[in-house]
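Participant: Have a look at this one before I ask anything.
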Amino acid sequence: MDMEDPVNVLGGQLADCGRDPVTGFFRDGCCNTSDEDMGSHTICVVMTADFLAFSKARGNDLSTPMPQFGFPGLKPGDRWCLCAARWQEAFEAGMAPKVRLDATHERALDIVRLPDLIRHAIDLH
């Protein structure tokens, strides 16, 4: 995996996803990934209240701050590098959050389908 030239799902340079709060597996603001990223934190999403409730019900509470891990807790409107499998699970349940394709790493396509991401894109409209 070459982190020097990360590519998004559209074939372009990977854009920043979010810096307030700082997101990404490497906490660099981008949905960069590597073989160490077992969760494939590759999909840049915009959080919604519905998705946060869905994720919490599935055992992954993203809204509660966990300062011991440097995690501020997320709120609707926050941009975050989400695990591709969690996005796929939410998609199948009709609860997938919107996606920024330019900031979603191409490795997400190992788990999710591009047409599904495109249907949820905020940066194509």
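Under UniProt numbering, think of the first position of the sequence shown as 1, with each following residue one higher.
C-beta atoms are modelled at their ideal positions from N, C-alpha and C, and glycine is treated no differently.
Please read all numbers here as calculations on a predicted model, not as lab measurements.
Along the chain, where does the alpha helix (DSSP H) containing Ile122 start, and where does it finish?
Facilitator: Sequence index remark: in the sequence shown, residue 122 carries index 122 (1-based). First-last for Ile122: undefined, no H or E at that position.
Participant: Straight-line CA distance for Thr64 to Phe25?
Facilitator: Counting from 1 along the sequence shown, the entry for residue 64 is found at position 64. Counting from 1 along the sequence shown, the entry for residue 25 is found at position 25. Cα to Cα, Thr64 sits roughly 18 Å from Phe25.
Participant: What is the residue span of the alpha helix (DSSP H) that Leu52 lies within?
Facilitator: Start at 1 with the first residue of the sequence shown, and residue 52 comes out as number 52. Element bounds for Leu52: Ala49 to Ala57.
Participant: Just tell me which of Leu101, Ile111, Val112 and Leu117 has its CA closest to the CA of Val7.
Facilitator: Taking the first residue of the sequence shown as 1, we reach residue 7 at position 7. Minimum Cα distance to Val7 is reached at Leu101.
Participant: For the beta strand (DSSP E) containing Arg107, name the first residue and the last one.
Facilitator: As a working note, residue 107 is residue 107 in the sequence shown. Unbroken run through Arg107: none, as it is neither H nor E.
Participant: For my contact list, Ala82 and His41 are in at a C-beta cut-off of 8 Å; report their separation, rounded to the angstrom.
Facilitator: Here residue 82 is taken as the residue at index 82 of the sequence shown, counted from 1. Here residue 41 is taken as the residue at index 41 of the sequence shown, counted from 1. First, the residue type needs correcting, since residue 82 is Leu and not Ala in the sequence shown. Yes, Leu82 and His41 are in contact; Cβ-Cβ is about 7 Å, under 8 Å.
Participant: I need the DSSP call for Leu82, collapsed to helix, strand or coil.
Facilitator: Here residue 82 refers to the residue found at position 82 when the sequence shown is read from its first residue. Three-state result, Leu82: strand.
Participant: Within 10 Å of its beta-carbon, does Pro67 have 16 or more other beta-carbons around it, so buried, or fewer, so exposed?
Facilitator: Along the sequence shown, read from residue 1 onward, the residue named residue 67 stands at position 67. With fewer than 16 Cβ atoms within 10 Å of its Cβ, Pro67 is classed as exposed.
Participant: Please report the residue range of the beta strand (DSSP E) in which Thr64 lies.
Facilitator: Here the question's residue 64 lines up with position 64 in the sequence shown. Unbroken run through Thr64: none, as it is neither H nor E.
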